Amino acid sequence: MKKTLCTLLAAAILAPFASFAHAADGQLTRAQVRADLVQMEAAGYRPSTHDADYPSAIQSAEAKVQAMNERSVAQDNARNAAQVVHAAQ
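Going by mature numbering (1 follows the signal peptide of the UniProt record, and there is no 0), the letters in the sequence shown line up with residues -23 to -1, 1 to 66, in that order.
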């Protein structure tokens, strides 16, 4: 009985800490949101336009941003691989 009570008490005390840590992981900072908006605008998205193509316009811009990010990652990987090969020689 005492062991079960201690286990329940420990779980009750630790549960808020686990939920607080989880909530903070998914939140973006203001700087991250602004950087995302700058990327979207560079890809052609204009948030100030009021048109019926809103969903397709933002989806198109998101696809362009994703493609740009994938190219950037691929270039970084190629550059890092070249540096590793050069360092190994």
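Glycine included, each C-beta is placed from N, C-alpha and C at the ideal position.
In this text, all values refer to a predicted model and were calculated from it rather than measured experimentally.
| Check | Outcome |
| --- | --- |
| Outcome for alanine 38 when other beta-carbon atoms lying within 10 angstroms are tallied against a minimum of 16 | buried |
| Candidates Asn46, Ala19, Arg48: closest to isoleucine 35 by CA position | Ala19 |
| Candidates Ser49, Val42, Asn54, Asp28, of which the one nearest aspartate 13 by Cα | Val42 |
| Residue span of the alpha helix (DSSP H) that contains glutamine 9, given as start and end | 7 to 19 |
| Exposed unless 16 or more other CB atoms sit within 10 angstroms - verdict on tyrosine 22 | buried |
| Span separating the alpha-carbon of alanine 8 from that of alanine 59 | 32 Å |
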